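Per this note's numbering, numbering of the sequence shown is gapless, rising by one per residue and ending at 426.
Beta carbons are placed, not taken as given, at the ideal position from N, Cα and C, and that holds for glycine.
Since the model is a prediction, treat every value here as computed from it, not as a measurement.
Worksheet: one structure, shown below.
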Amino acid sequence: MLPRGFKAEAERRAVTLRAEMGLRPTDPVEAAAVAAHLRIGFRRADELIPIQALEALERTQPGCFSACTLPGPTGPVVITNPLNSLGRQQSDAFHEISHLVLRHQMRTLERVGDLVFFTCDSDDEEQANSLAATLLLPRPALVAAHARGMGVAAIAETYGVSEQLARWRLNASGVAIQIRRREPAARGATA
Ligand SMILES: [Zn+2]
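Next up, the structure:
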């Protein structure tokens, strides 16, 4: 369960972050730019270890490495997996950035192959997922996209996210309900 008021606060953060970056509430944001703005390091994993090692890990445990945060000399560094789709890299990176913004403590140690990962408890994971999705697609962006007649695929493309995430945000933000309400008064006619 998300704490009371969490979703509204996430929406405010998404708009404030854009304003700080000189962007409008409806503008897309990229993980690399947001990380730079927040002074968080940002690297693709193949800049740190050979891509063959990532491919070997992927063969051992498919999908196990999404993104992670490591301590760097000047602060945390978010590491993304270049083997994943760009949409997934974006949402995974925003998930890590969200943990940092929310000041979550990394608690659990998980070993995958030769690599060790720190993870958070499940409440923290839910919060990071929710904030990440909201940062990528805040409500004003969804409302504006809908007003321009954009569907799930167009929203996903414009905001660099998966269609699954775009659909989730449309539902979670209530914009999907508005869309259904606005659709032809067919139901109204029979009511
Ligand atoms: Zn997490």
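C-alpha distance - residue i paired with residue j, whole-angstrom precision
i, j, result
"A401", "I390", "7 Å"
"L273", "R404", "24 Å"
"T425", "L371", "At T425 the pLDDT is 41, less than 50, meaning the model places this residue with poor confidence and gives no usable figure here."
"S365", "D358", "11 Å"
"H339", "G384", "38 Å"
"M236", "I412", "22 Å"
"A379", "I286", "39 Å"
"T261", "G386", "15 Å"
"A245", "P375", "13 Å"
Within 8 Å, strictly: CB atoms of residue i and residue j
i, j, result
"V396", "Q325", "yes"
"P311", "I275", "yes"
"H334", "C303", "no"
"A249", "T369", "yes"
"V264", "R253", "yes"
"L321", "E290", "no"
N-terminal and C-terminal residue of the alpha helix (DSSP H) that residue i is part of
i, result
"R247", "241-255"
"V396", "Element bounds for V396: n/a, residue is neither H nor E."
"R338", "From DSSP, R338 is part of no alpha helix (DSSP H); its letter is neither H nor E."
"R294", "286-295"
Any non-hydrogen atom of ligand 1 within 7 Å of residue i CB
i, result
"A363", "yes"
"C299", "no"
"E293", "no"
"H272", "no"
"E244", "no"
"E282", "no"
"E430", "Because the chain spans 236 through 426 in this model, residue 430 falls outside it and cannot be assessed."
"H381", "no"
N- and C-terminal bounds of the beta strand (DSSP E) containing residue i
i, result
"L305", "302-307"
"V264", "Where V264 is concerned, there is no enclosing beta strand (DSSP E), given that its DSSP letter is neither H nor E."
"P311", "310-315"
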